[in-house]
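Residue numbers (the working numbering): 86 to 157.
Shown next as structure tokens:
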């Protein structure tokens, strides 16, 4: 069983909804990523998707495109 499957099973057992978040690595600054991840963990976020910034994120929406541009 994957860690993500285990997370969803625990949430279902509590009859709750999972809270997930996407964060672009290096946004808003490179030094902010780790403190943000730690704060999200302490705050109870169930899962975090960490996106790697790249120069041509055409398949992403505008907020992720802009975060990638700033992170680079």
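Just so it is clear, CB atoms sit at the ideal spot from N, CA and C, and this is done for glycine as well.
Remember, predicted model here, so these are calculated numbers, not experimental data.
Residue 153 is classed as buried because its beta carbon has at least 16 other beta carbons within 10 Å across all chains shown. Taking all protein chains shown into account, residue 107 has fewer than 16 neighbouring C-beta atoms within 10 Å of its C-beta and is therefore exposed. Residue 127 and residue 140 have their alpha carbons spaced roughly 31 angstroms apart. Excluding sequence positions up to five before and after residue 111, its CB lies within less than 7 angstroms of the CB of 118, 138 and 156, all in the same chain and listed in chain order.
Scanning its chain for C-beta atoms nearer than 8 angstroms, with the 5 sequence neighbours on each side dropped, one finds around residue 134 the residues 105, 106, 107 and 108, in chain order. In the structure shown, residue 112 adopts coil according to DSSP, grouped into three states.
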